[in-house]
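Student: The sequence shown maps to residues 38 to 376 in our numbering.
Every residue, glycine too, gets a C-beta built ideally from N, C-alpha and C.
These figures come from a predicted structure and were not determined experimentally.
The structure is given below, and queries will be raised subsequently.
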Amino acid sequence: MIIVMKAGAGKKEKDEVLKRIRELGYTPHVIHGTTRDVIGAIGDERGKLVLQSIESMNGVESVVPILQPYKLASKEVMKDSSIIRISENLSIGGSKIVVMAGPCSVESEKQIIESAEAVKAAGADMLRGGAFKPRTSPYSFQGLEEDGLRLLAKAREITGLPFVTEVINPETADLVAEYADMLQIGARNSQNFALLKKVGQLRKPVLLKRGMAMTIQELLMSAEYILAEGNQSVILCERGIRTFETATRNTLDLSAIPALRSKTHLPIVIDPSHGTGNHHYVGPMSLAAVAAGADGLIIEVHPDPEHASSDGPQSLKPAKFAELMNKMRRVAEAVDKTI
Ligand code: PEP
Ligand code: MN
């Protein structure tokens, strides 16, 4: 249920409503709108009739059921798109498209600083880089772990770029959150509900990737796990799904942009690198993602892709990334956005 407060409702009236929601055994989530607040009452839907009684309380305009199984992620709770603050000068979800770029994994100080300087020079807004890597093979490079986080922090200090990095389990989530500006939940962990709950308790924005076999609805249900714990800063990421096609690493589902847009207020990011697995295909799909209305992109860039510890074949060289940024700016302009 959502409780829509009257435009002029005061703190006292809101507090009474919050108290009543808790008494009825529900968890309230306040969402501040531009003209009025709405309160999501999340819990067992069987108590709908009791919640309906809140309609007669002072300051309440209406009580509306949320029809979708995802509640806080639903557009029903907030008609406008969410604008999520990442750092002092950077938000995602508005008319500025946020570009995150960098290597798949942090490999060395030289590699990450060179990458950060190159993507910054090309106009990227954020640095990406994995310190804890969820690899398909236990024999593959698993990441530099905390040393990798330190190096990312050093690259941030030098370039001023905030960074996003993956968190792979609840045990190391606090550690990653101490360093990172945004936490990435990878495709392989996007239905790891213990991890989703854990990052929901942290106060850092979360980039939630779509699992390889996940429907749009399942992605929104995963987002709901994070939102329901009280973390409102969730950004969704389409990174390709597993289909019968083998010409690309995954099938990048760009129709997820309008499909998600019709269902949720959360920002939508596209990952054309994992989506295609081939650096030749990253440019065209990035341009298409901008044209289709993505709020952001996350692109793998490596100064020496031939020798990368992970995902070299899908990584752009810095010069190619700079060229792509220029093209993306032109497409962005055509859809009334900036990069
Ligand atoms: C990554 O971003 O390097 C990564 C492992 O992504 P995904 O979880 O989408 O495979
Ligand atoms: Mn990667």
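1. For the segment 253 to 341, list the beta strand (DSSP E) runs that are entirely contained and at least 3 residues long, ordered along the chain.
2. May I ask whether a heavy atom of ligand 1 can be found less than 6 Å away from the beta carbon of Arg57?
3. Which partner residues does Gly77 have in the DSSP bridge list?
4. Using only the alpha-carbon positions, how far apart do Gly166 and Ile149 sit?
5. Using 10 angstroms around the beta-carbon of Val338, count the other beta-carbons present and answer buried if the total reaches 16, otherwise exposed.
6. So, using beta-carbon positions, are Leu273 and Leu245 closer together than 7 Å?
7. Is it right to say Val236 is buried, meaning 16 or more other beta carbons lie within 10 angstroms of its own, or is it exposed?
8. Roughly how many angstroms lie between the CA atoms of Ala46 and Ala214, to the nearest whole one?
9. Got a sec? Which residues, its chain only, sit under 8 Å from Ile42 by beta carbon, not counting five neighbours each side?
10. Taking the alpha-carbon positions, what's the Leu303 to Leu334 distance?
11. Using the rule of at least 16 other Cβ atoms within 10 Å of the residue's Cβ for burial, across every protein chain shown, is Gly267 buried or exposed?
12. Which word fits Gly320, buried or exposed, when buried means at least 16 other C-beta atoms lie within 10 angstroms of its C-beta?
13. Specify, as a first and last residue, the run of the beta strand (DSSP E) that Ala345 falls within.
14. Which first and last residues belong to the alpha helix (DSSP H) in which Glu215 is found?
15. Examine the Cβ distances between the segment 124 to 134 and the segment 337 to 357 and report whether three or more of them are shorter than 8 Å.
16. Between the segment 100 to 118 and the segment 139 to 146, are three or more C-beta pairs nearer than 8 Å?
17. Can you list, in chain order, the residues of its chain whose CB lies under 7 Å from that of Asp117, leaving out five sequence neighbours each side?
18. Run the CB neighbour count on Gly197, radius 10 Å, all protein chains shown included, and call it buried at 16 or more, exposed below.
19. What is the residue span of the beta strand (DSSP E) that Met219 lies within?
20. Closest by CA to Ser132, which one among Asp332, Val306 and Ala356?
21. Residues in its own chain within less than 6 Å of Pro102 by CB, not counting five upstream and five downstream?
Tutor: Put simply:
1. Runs of the beta strand (DSSP E) lying entirely within the segment 253 to 341 and spanning at least 3 residues, in chain order: 271 to 275, 305 to 307 and 333 to 337.
2. No, the beta carbon of Arg57 sits no closer than 6 Å to any heavy atom of ligand 1.
3. DSSP output for Gly77 lists Ile39 and His66 as bridge partner(s).
4. Going from the Cα of Gly166 to the Cα of Ile149 covers about 8 Å.
5. Counting the other CB atoms within 10 Å of its CB gives Val338 a total of 16 or more, which places it among the buried residues.
6. Leu273 places its beta carbon less than 7 Å from that of Leu245.
7. Classification for Val236: buried.
8. So the alpha carbons of these two residues sit roughly 36 Å apart.
9. Reading the sequence as shown, one finds Met at residue 42 and not Ile. Scanning its chain for C-beta atoms nearer than 8 Å, with the 5 sequence neighbours on each side dropped, one finds around Met42 the residues Glu50, Lys51, Val54, Arg73, Asp74, Val75, Ile76, Gly96, Val97 and Glu98, in chain order.
10. In this structure, the CA atom of Leu303 is about 15 Å from the CA atom of Leu334.
11. It counts as exposed.
12. In this structure Gly320 is buried. Its beta-carbon is surrounded by 16 or more other beta-carbon atoms within 10 angstroms.
13. Counting along the chain, no beta strand (DSSP E) covers Ala345, and no H or E run does either.
14. Its alpha helix (DSSP H) spans residues Pro207 to Tyr216.
15. Between the segment 124 to 134 and the segment 337 to 357 there are fewer than three C-beta pairs closer than 8 Å, too few to call the two in contact.
16. Counting Cβ pairs under 8 Å, fewer than three are found: no touch.
17. Only residues of its own chain outside the window of five on either side were considered, and among them His302 have a CB closer than 7 Å to the CB of Asp117, listed in chain order.
18. By the neighbour-count criterion, in which a residue is buried when 16 or more other Cβ atoms sit within 10 angstroms of its Cβ, Gly197 is exposed.
19. Note, Met219: beta strand (DSSP E), Met219 to Ile222.
20. Between Ser132 and the set Asp332, Val306 and Ala356, the nearest pair of CA atoms involves Asp332.
21. Correct list, in chain order: Met38.
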